[in-house]
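Enquirer: Counting in our numbering, the sequence shown runs from 96 upward without gaps.
For each residue, glycine too, the CB sits at the ideal point set by N, CA and C.
Because the structure is a prediction, the values reported are computed rather than measured.
The following block contains the structure, expressed as structure tokens.
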Amino acid sequence: MANISVFNIEGKEVGSIELNDAVFGVNVNEHLVHMAVVAQLANKRQGTQKAKTRSEVSGGGRKPWKQKGTGHARQGSTRSPQWKGGGVVFAPTPRDYTINLNKKEKRIALKSALTSRVLENKFIVVDDFAMSEIKTKKMQQTLNNLNVKKALVVCAENEKNTVLSVRNIYGVKAASPKSINVYDILKYNTVVASKDAVKTIEEVYA
């Protein structure tokens, strides 16, 4: 099992913790990590874009002028793509961008992302955020003490003050152990988790 340091909110080392290899010490599957990120971004797309093709634009049934003798180029309809108000060539239509990964693939991808952060020394464990009140300034000072800027803060379900204190800090996002995902783990430079959050992650994903 990997053994990493535990820090307090002042940035001082106060102990260590053993991470479960079943979650934080797996073989990193880069392909599944990539697929998980692609799937998450694709699944956010609404796919509601729409433009009318030539056959869908109303009007234009009559030939605008006779075929020959006018000096104009021959035209069959005022709804042809070259006309203002005409149809669009290869117009976009509504579609579903959903990419499905099965539960096992999602789990392996998440474990791989967490393991990669541990291997890169970008996984920091905090003994306790100790937020008795909602205080953005205090949370910012804690992150400064840990020498962290762009971070994903993972805190236990009962640490609501920590979540609310993080909301207004630029480049920082709060998440619960059950809502973490591969995209956020990779997007933010560092994962900062409380000891309780680490315990929950191991219980849920081991």
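1) Excluding the five sequence neighbours on either side, which residues of its own chain have a C-beta within less than 6 Å of the C-beta of D117, listed in chain order?
2) Smallest Cα separation from F218: which of T143, E105, L281, K233?
3) Can we say the segment 231–243 touches the segment 149–156, given the rule of at least three CB pairs closer than 8 Å?
4) Just checking: is the beta-carbon of P272 within a distance shorter than 8 Å of some beta-carbon in chain C?
5) Have a look at I104, F224, I99, L205 and flag the residue whose alpha-carbon is nearest the alpha-carbon of E113.
6) Just to confirm, is the Cβ distance from V277 to V128 under 8 Å?
7) Terminal residues of the continuous beta strand (DSSP E) containing K286?
8) Could you tell me the alpha carbon to alpha carbon distance between Q144 and T237, rounded to whole angstroms?
9) Touching or not, the segment 198–216 and the segment 163–179, by the rule of three or more beta carbon pairs under 8 Å?
10) With a 10 Å radius around its C-beta and 16 neighbouring C-beta atoms as the bar for buried, classify S260 as buried or exposed.
11) Using the rule of at least 16 other Cβ atoms within 10 Å of the residue's Cβ for burial, across every protein chain shown, is Y283 buried or exposed?
12) Pair every Cβ in the segment 122–141 with every Cβ in the segment 218–231, then say whether three or more of these pairs are closer than 8 Å.
13) Within a Cβ cutoff of 7 Å, which residues of the same chain sit near R202, ignoring the five residues on either side of it in sequence?
14) Nearest to K230 by CA position, among W160, A204, R157, K255, is which residue?
15) Within the segment 197–255, note down every full alpha helix (DSSP H) run reaching 4 residues or more, in order along the chain.
16) For E113, write down the residues that DSSP places opposite it in a beta bridge.
17) With a threshold of 7 Å on Cβ separation, who are the neighbours of G142 within its own chain once the five nearest residues in sequence on each side are excluded?
18) With which residues is K268 paired in a DSSP beta bridge?
19) Please check the pair M130 and A204, which I expect to be a contact at CB under 8 Å, by giving their CB distance rounded to whole angstroms.
20) State the beta-bridge partners of E108 as determined by DSSP.
21) Alpha carbon to alpha carbon, what distance is there between W160 and N195?
Expert: Taking the coordinates as given:
1) A quick correction: the sequence has Ala, not Asp, at residue 117. Same-chain partners within the cutoff: A301.
2) L281
3) no
4) The structure shown contains no chain C, having only a single protein chain.
5) I99
6) yes
7) A quick correction: the sequence has Val, not Lys, at residue 286. Note, V286: beta strand (DSSP E), 285–289.
8) 44 Å
9) no
10) buried
11) buried
12) no
13) Y300
14) K255
15) 198–214, 231–240
16) N98
17) P189, R190, D191, Y192
18) L247
19) 7 Å
20) F102
21) 53 Å
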